[in-house]
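Written below as structure tokens is the structure these notes are about.
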Amino acid sequence: MTNSTKFTPKKAFVNSPASNGPPPASSPNGTGLPSTAPAGPLANGKPTPATLPDPDKYATVPRQHEAERKRLPIYGARQAILDAIQRNASVVIVGETGSGKTTQIPQFILEAGLAKYGGIAVTQPRRVAATSLARRVAEEVGTPLGKRVGYTVRFDDKSSPSTKLKYLTDGMLMREILSDPLLHRYNYILLDEAHERTLRTDILFGMLKEIQQTRRQMCKDRKAQWYRQRVSDEARRGSGPPAEANGTDLDLGEHAVGGAVSTDAAETISAGNGQPRFVHELKIIIMSATLDAERFAAYFDHAKILYVAGRQFPVRVYNSLEPQTDYLDAAFVASLQIHTEQGPGDILIFLTGQEEIETLEKLLTDHRALLPRDAADILICPLFAALPPAQQAKVFNPAPPNTRKIILATNIAETSITLPGIRYVLDTGVHKARGYNSKVGIESLLVEPISKSSARQRTGRAGREALGFCYRLYTEDSFMALEEDSVPEILRCNLAAAVLQLKAAGVRDVLRFDYMDRPPKLALLRALEQLYSLAALDDTGALTKLGTWMAEFPLDPCYAKVLYESRALQCTTEIIDIISLLSVDNLFVAPFHKREEANEARNKFISPDGDHLTYLNLLRAYQAVKGDIRWCHENYVNARGIQHALEVRKQLRQVCTRVGMDPNVSCGVDLDRVLQCFVTGFFHQTALLQPDGTYKSVIGSQFVRIHPASTLFNSRREAILFNELVFTTKLYVRGVSAIQANWIPEASPNYLKRGQPKSKLAPSSSIE
DNA sequence: GAGCACTGC
Numbered sequence: 001m002t003n004s005t006k007f008t009p010k011k012a013f014v015n016s017p018a019s020n021g022p023p024p025a026s027s028p029n030g031t032g033l034p035s036t037a038p039a040g041p042l043a044n045g046k047p048t049p050a051t052l053p054d055p056d057k058y059a060t061v062p063r064q065h066e067a068e069r070k071r072l073p074i075y076g077a078r079q080a081i082l083d084a085i086q087r088n089a090s091v092v093i094v095g096e097t098g099s100g101k102t103t104q105i106p107q108f109i110l111e112a113g114l115a116k117y118g119g120i121a122v123t124q125p126r127r128v129a130a131t132s133l134a135r136r137v138a139e140e141v142g143t144p145l146g147k148r149v150g151y152t153v154r155f156d157d158k159s160s161p162s163t164k165l166k167y168l169t170d171g172m173l174m175r176e177i178l179s180d181p182l183l184h185r186y187n188y189i190l191l192d193e194a195h196e197r198t199l200r201t202d203i204l205f206g207m208l209k210e211i212q213q214t215r216r217q218m219c220k221d222r223k224a225q226w227y228r229q230r231v232s233d234e235a236r237r238g239s240g241p242p243a244e245a246n247g248t249d250l251d252l253g254e255h256a257v258g259g260a261v262s263t264d265a266a267e268t269i270s271a272g273n274g275q276p277r278f279v280h281e282l283k284i285i286i287m288s289a290t291l292d293a294e295r296f297a298a299y300f301d302h303a304k305i306l307y308v309a310g311r312q313f314p315v316r317v318y319n320s321l322e323p324q325t326d327y328l329d330a331a332f333v334a335s336l337q338i339h340t341e342q343g344p345g346d347i348l349i350f351l352t353g354q355e356e357i358e359t360l361e362k363l364l365t366d367h368r369a370l371l372p373r374d375a376a377d378i379l380i381c382p383l384f385a386a387l388p389p390a391q392q393a394k395v396f397n398p399a400p401p402n403t404r405k406i407i408l409a410t411n412i413a414e415t416s417i418t419l420p421g422i423r424y425v426l427d428t429g430v431h432k433a434r435g436y437n438s439k440v441g442i443e444s445l446l447v448e449p450i451s452k453s454s455a456r457q458r459t460g461r462a463g464r465e466a467l468g469f470c471y472r473l474y475t476e477d478s479f480m481a482l483e484e485d486s487v488p489e490i491l492r493c494n495l496a497a498a499v500l501q502l503k504a505a506g507v508r509d510v511l512r513f514d515y516m517d518r519p520p521k522l523a524l525l526r527a528l529e530q531l532y533s534l535a536a537l538d539d540t541g542a543l544t545k546l547g548t549w550m551a552e553f554p555l556d557p558c559y560a561k562v563l564y565e566s567r568a569l570q571c572t573t574e575i576i577d578i579i580s581l582l583s584v585d586n587l588f589v590a591p592f593h594k595r596e597e598a599n600e601a602r603n604k605f606i607s608p609d610g611d612h613l614t615y616l617n618l619l620r621a622y623q624a625v626k627g628d629i630r631w632c633h634e635n636y637v638n639a640r641g642i643q644h645a646l647e648v649r650k651q652l653r654q655v656c657t658r659v660g661m662d663p664n665v666s667c668g669v670d671l672d673r674v675l676q677c678f679v680t681g682f683f684h685q686t687a688l689l690q691p692d693g694t695y696k697s698v699i700g701s702q703f704v705r706i707h708p709a710s711t712l713f714n715s716r717r718e719a720i721l722f723n724e725l726v727f728t729t730k731l732y733v734r735g736v737s738a739i740q741a742n743w744i745p746e747a748s749p750n751y752l753k754r755g756q757p758k759s760k761l762a763p764s765s766s767i768e
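The first sequence: position 767 = 767 (full-length UniProt numbering), numbered continuously.
Here it is as structure tokens:
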């Protein structure tokens, strides 16, 4: 791919024109973005000197970090933000990293006493963000974590009845909607990182918009009801209509009922239990890091938009002068050029995956010896999700003296992990992206160009601590040709799980649901069809009892169906164990230089019947040594992964017990039943061996290959089932087990005989 | 012969 002559650094870069060069002074983010954001910490509507209820009277110890808080760019905009929030049902706040919007805005609301009728929820796409933000804010507020400020993420709940401000994952808020459909416990919901457009934030957009409308209507109805009651009371007493609401005007405005009702809340006439209950409007605050706020604002009924300056240093952007035919080679040359010619500061290189990272790691390691004797040394740090945690942690260690760190990372460094000390970013302009073709039901994982907003996000990674430099390994024309934003996840994934969630939350017509970006009709129909074939929906499209049962579990519908059938097949213990392990991406670790040993270790657990029973063997072996970490190390088992699987297992067992299903029913050594059980959820993901030794999928008649990481790679069995069908370099099936061909029609007679589901599929056993 | 990143009562 390269040779040592290319070590001579070529001048690949030039300071590009103003649009990409050093940003104008008015650009608050330093990334050279168009300066649509007005100058100053915040500008949009002047601050109004409204009198506010007394500040945080609940603090139990003196507030911490007060001086720090006041230095945050957002602090000066406090009053204007509060003003906008009070006057608008929905507000969009655009603020770059470092503006403090996520930690401060909820505190402003708390301190101002605005969350009168319920709590404040702040959603995050990632667990670590939710927990660390809550920890930080609890410290600033000066109360123990889990009291006034807390968090809720899967497996970990640090909240209590006294929690007023709660950070939670977006998935967790979705689950809360299932038990509290109008989210009455919240007065304010802040959706953070909205620009990431994860599947869950997008679904939440629609759900929250509906909840907001419903609550607003309820509020109006309650007020009207209250007024009518007053009128009839007064009439009975023989006096005129209530003085504060003469004529037909039913809007009670600021007139309080018992001193507690304002424009955005109304007391219920009767709350059944005699306790006064308040219906209050839901305030929605969308927080985004990109300047594309108009779309969010338009979606949320012309929400007010506020811009907040970030605390980001300027970053000089350089584009490649000519297109690079080999971005990996270009990254190699450019990184050495920076190392030999530029001042101190670590280099972050964005690549697409493990293989590229390991290739470049080897190239750089080989050339390290050729560095001039007087030059600084380099330390190469790979960073990707599948990397064992101990090695991942190395990127946070400061480099030894006179050494420059070169971090080779995937997308993980774009949003999930923030690295200190980066002054130089090398952007290849590509990433690996998941896709889904709903026509043929095939997932894909392919290298694609990134979007402009992604490129800006990568650029920003160079300016967190000082003036930075970003080298884009593509021309300025190529940059201009990139899509403005990445395709939202909802447009490129299987929607079965999301549709099941929507149905469970009471959305009857998922085709007409108010999506910010509406998925193609075909994708929604395919999801409905899949749920119907699993008997989660009846032939009117309504949720069946089984469907309701399935939605209780934090599982994809196929797995929930398998779990359900395990009762009839008496193998619930085994199914829970296997499903838990399947939720771990990299159960076996394979360090770069120890592939052979790792494979050998895995062979100890292999079941001839495939991956599912191999996983079961692994768990049994792990339990036999009582979860010894050393054992994990010796056997190349991802200890953290298996720990996670055990938490999933515990949770699944709890939910099972809650819904009246015994998790301890085991099939003993009759493991055929386990695989039969899997077929009940995966009959549409099966393939039959062909005379020429290839496999052809039962649905769609696609030629598929068994993935090399599967234990059944290179083996020939009559029929197989698979959990995933992914196109990468070839069309691969992953998570594969051998089955008997006659199990397939048995598992779903109606579906497969007719090719398309036409009649209602009854669950194979009943639910009480 | 190969694995972007997240998440869930």
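Virtual Cβ for every residue (Gly too), placed ideally from N, Cα, C.
The DSSP-derived three-state label of residue 681 is helix. CA-to-CA, the gap between residue 335 and residue 481 works out to about 25 Å. A direct Cα-Cα distance of roughly 11 Å separates residue 527 from residue 511. Every alpha helix (DSSP H) stretch that sits fully inside the region 437-479 and reaches 4 residues is listed by chain position as 452-460. Following the DSSP letters along the chain, one finds residue 218 inside the alpha helix (DSSP H) bounded by residues 199-237. Cβ-Cβ separation between residue 694 and residue 744: approximately 18 Å, too far for a contact (criterion under 8 Å).
If you look at residue 599, you'll find it in the alpha helix (DSSP H) that goes 595-603. Distance from the CA of residue 305 to the CA of residue 637, rounded to the nearest whole angstrom, comes to 49 Å. Taking C-beta separations shorter than 6 Å and ignoring five residues to either side along the sequence, the partners of residue 580 in its chain run 645, 648 and 649, following chain order. Closest in C-alpha terms to residue 500, from the list 545, 634, 230 and 682, comes 545.
Judged by DSSP secondary structure, residue 496 falls within the alpha helix (DSSP H) whose first and last residues are 496-504. Exclusion of the five residues before and after residue 202 leaves 488, 489, 490, 515, 516 and 517 as the residues of its chain whose Cβ lies within less than 8 Å of its Cβ.
By DSSP's assignment, residue 724 forms a beta bridge with 734.
By the Cβ-count criterion, residue 302 is exposed, with fewer than 16 other Cβ atoms from all chains shown falling within 10 Å of its own Cβ. Comparing alpha carbon positions, the residue from 593, 675, 688 and 93 closest to residue 362 is 593. If you look at residue 408, you'll find it in the beta strand (DSSP E) that goes 403-409. Taking the CA atoms as reference points, residue 712 sits about 7 Å from residue 611. Comparing C-alpha distances from residue 331 to each of 344, 352 and 313 shows the shortest one belongs to 352.
As the crow flies, the alpha-carbon of residue 329 is around 31 Å from that of residue 599. For residue 288, same chain residues with a beta-carbon under 6 Å away, outside a window of 5 residues either side, are 94, 194 and 195 in chain order.
In the DSSP annotation of this structure, the continuous segment of the beta strand (DSSP E) that includes residue 187 starts and ends at 186-191. Annotation: residue 601 to residue 412 spans about 28 Å, alpha carbon to alpha carbon. Listed in chain order, the alpha helix (DSSP H) elements of length 4 or more contained wholly in the region 492-567 are 496-504, 521-533, 545-551 and 557-565. Residue state for residue 108 is assigned as helix, using DSSP reduced to three classes. Residue 346 has its alpha-carbon roughly 47 Å from the corresponding atom of residue 505. If the five residues before and after residue 740 are omitted, its C-beta is found closer than 8 Å to the C-beta atoms of 718 and 719, all from its own chain and listed in chain order. The three-state reading of DSSP puts residue 487 in coil, since its state is none of H, G, I, E or B. Around residue 152, the same chain offers 159, 166, 168 and 172 as residues with beta carbons nearer than 7 Å, after the five sequence neighbours per side are excluded. Contact check between the region 462-473 and the region 387-395: fewer than three CB pairs, one atom from each, fall below 8 Å, which does not count as touching. Distance from residue 582 to residue 735 at the Cβ level is roughly 6 Å; contact confirmed, criterion being Cβ atoms closer than 8 Å. Here DSSP, grouped into helix, strand and coil, assigns residue 119 to strand. For residue 370, no beta strand (DSSP E) segment is defined, and its DSSP state is neither H nor E. Among the bridge pairs identified by DSSP, residue 169 is matched with 124. Rounded to the nearest whole angstrom, the C-alpha separation of residue 495 and residue 66 is 45 Å.
Counting along the chain, the unbroken beta strand (DSSP E) around residue 149 starts and ends at 149-153.
Annotation: residue 636 is outside any beta strand (DSSP E) and is labelled neither H nor E by DSSP.
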